[in-house]
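Mind the numbering: the sequence shown is residues -22 to -1, 1 to 345 in mature numbering (1 follows the signal peptide of the UniProt record, and there is no 0), read in order.
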Amino acid sequence: MKLLFLRLIVLCSFIYSTPVNACSVFLLTGKNHNVIGFNENWKTMPGMIVVNKREVVKRNISWQNLTTDQQQYTQQWRSKFGSVTFNLLGYDFPCYGVNEKGLFLVELYLEETSKVYNPMQPNMFWAQWIQYQLDNYKSVKEVIEHLNDGPNIDWWPNAAGSHFFLTDAKGNSATIALLNGKYTVLTNKEMPMPLLCNNQYHEDLDASKKFDFLGGSEKFNFSQSKNWEDRYTRAYYMLNKYNYDEKPVDYAWNVLNSIHPGEWQTVIDTKKMNLYFRSDLKKEVKTIDMTKLNFDKNAVVKYLDIHTDETGIVNDHFQNLTIAKNSEYVEKGFPIGYDNKEFGSSNVFEKLKENIVNFFQNILPES
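What follows is the structure, given as structure tokens:
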């Protein structure tokens, strides 16, 4: 009994010392390579990978639009670029993704996040805001230039928000944080290493500068520094010492697996436009060749379950995404994404599901 009690103490200590929603992302870039690595560290999640097509007319969807009878919108756009996105919450609501021009964007939890509000701009649910950027822009520069005249981000009610990491095909990278009512942007010049976790960029960087590999006086012991809070420093150390003795994609996987493997893991080579992924339930790495996907406006929106049993190149295993199938992912994903115990059984959630069907009935077939 005493042994069992001690084990429970250790287990509870581990659970409560691990952040609720934590992630790590980096860019490994050089003359002939441009490789993104991302760990989604949270919990086992349902989800789908979506092939989003060009020339789709869309509208802004706010949290109010999702959960009430107020359905008016103030902005429309037509998607310029096709993209591949990883969606917990259903169609048009990705957690991250990359478009056909090589622009990548991901959100990572940040406790200090505030709301940036421009009364002249429409409100947009945070996940659709990610899709909006992938639909409209092809470079980091374009995204940053349009931040202040773009949509306001709606976060989950009564919850912290996120900061963003983005890269493009030319090897540019940036972070976007919403702090004290303003966008705070760091680009290549302010980031000695394109790497982001769940603290503000310079907070993690400054904490790592005490180590010898960044000019500090304290020796960094890679084999012993395995705590959760060490993952930024471990990733920086590995990225800093990359010397081309291993292929960039293989090395990216090595980095991801060395800093606490995520429930969703993704590596994207934006030189070759190959996307690699795996999940905690299906650990074999799968490949998507983005050059062979159909983003044409006359194509059908396609999806693949993130926990697919398929292996190898999985392009041919994508299926048509219907309203009915999308509703299944909405049903499973939103109660996990919101992380609110009452939400899944609430009238608000019922209204949300009904509204999402209406929003996308002109884009997705019924069945």
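All C-beta atoms in this analysis are idealised placements derived from N, C-alpha and C, irrespective of residue type, glycine included.
Rounding to the nearest angstrom, what Cα-Cα distance links residue i and residue j in this structure?
i, j, result
"E344", "V292", "25 Å"
"G75", "L112", "8 Å"
"N177", "S203", "18 Å"
"R32", "K260", "30 Å"
"G194", "N205", "20 Å"
"K329", "E196", "55 Å"
"N96", "D127", "8 Å"
"N166", "I27", "29 Å"
"L6", "V263", "19 Å"
"T211", "N158", "27 Å"
"N17", "L88", "15 Å"
"K270", "T286", "19 Å"
"F255", "T46", "36 Å"
"P72", "N19", "16 Å"
"M169", "A152", "8 Å"
"V34", "E123", "23 Å"
"R209", "K319", "30 Å"
"G139", "K250", "33 Å"
"A105", "N276", "25 Å"
"K188", "F198", "9 Å"
"C175", "D190", "21 Å"
"G311", "N65", "9 Å"
"Y222", "G290", "25 Å"
"I154", "T91", "11 Å"
"N272", "P239", "31 Å"
"V278", "Q48", "29 Å"
"Y179", "D132", "23 Å"
"G322", "W107", "23 Å"
"P(-4)", "K219", "Because the pLDDT at P(-4) is just 43, under 50, the model does not fix this residue reliably, and the value given afterwards should be weighed accordingly. Roughly 28 Å between the two C-alpha positions."
"E207", "N340", "46 Å"
"K116", "F327", "34 Å"
"M98", "A137", "24 Å"
"D294", "E181", "44 Å"
"E288", "G8", "32 Å"
"residue 346", "A(-1)", "Given a span of -22 to 345 for the chain in the structure shown, any question on residue 346 remains unanswerable."
"E120", "N235", "32 Å"
"F(-9)", "Q42", "Caution applies to F(-9), whose pLDDT of 33 falls short of 50 and renders its modelled position unreliable; the model cannot decide the point."
Between the beta-carbon of residue i and the beta-carbon of residue j, is there less than 8 Å?
i, j, result
"K86", "H141", "Residue identity check: residue 86 is Leu in the sequence provided, not Lys. Yes."
"G60", "A230", "no"
"F103", "S2", "no"
"Y161", "L183", "no"
"Y69", "L282", "no"
"E309", "K331", "yes"
"K58", "N114", "yes"
"V94", "L156", "yes"
"F338", "N304", "yes"
"P135", "N101", "no"
"N325", "L44", "no"
"L217", "V233", "yes"
"V335", "I314", "no"
"F296", "V118", "no"
What is the C-beta distance between residue i and residue j, in whole angstroms, given that I count them as a contact (C-beta under 8 Å)?
i, j, result
"M171", "Y214", "5 Å"
"E241", "T63", "Contact doesn't hold; Cβ gap of about 17 Å is too wide."
"N252", "D267", "6 Å"
"S257", "I284", "5 Å"
"P24", "Y307", "6 Å"
"F4", "L173", "4 Å"
"L192", "S201", "That belief does not hold up - the Cβ atoms of L192 and S201 are roughly 18 Å apart, past 8 Å."
Checklist entry - Between the stretch 77 to 97 and the stretch 142 to 149, are three or more C-beta pairs nearer than 8 Å? => result Output reads yes: the stretch 142 to 149 touches the stretch 77 to 97.
Next on the checklist: Between the stretch 4 to 22 and the stretch 246 to 259, can you find at least three pairs of beta-carbon atoms closer than 8 Å?
Outcome noted: A contact exists between the stretch 246 to 259 and the stretch 4 to 22.
Checklist entry - Touch check for the stretch 28 to 39 and the stretch 50 to 64: three-plus C-beta pairs under 8 Å? => result For the pair of segments examined, the stretch 28 to 39 was found to touch the stretch 50 to 64: the number of CB pairs separated by less than 8 Å reaches three.
Checklist entry - Which whole runs of the alpha helix (DSSP H) in the stretch 93 to 174 are 4 residues long or more, in chain order? => result List check, alpha helix (DSSP H) in window: 104 to 114, 118 to 123.
Next on the checklist: Runs of 3 residues minimum, wholly inside the stretch 258 to 337: which ones carry the beta strand (DSSP E) assignment?
Outcome noted: Within the stretch 258 to 337, the complete beta strand (DSSP E) segments at least 3 residues long are 264 to 267, 280 to 283, listed from N- to C-terminus.
Item to check | Ranges of the beta strand (DSSP E) found wholly within the stretch 197 to 271, counting only runs of at least 3 | outcome: Within the stretch 197 to 271, the complete beta strand (DSSP E) runs of at least 3 residues are 242 to 247, 252 to 257, 264 to 267.
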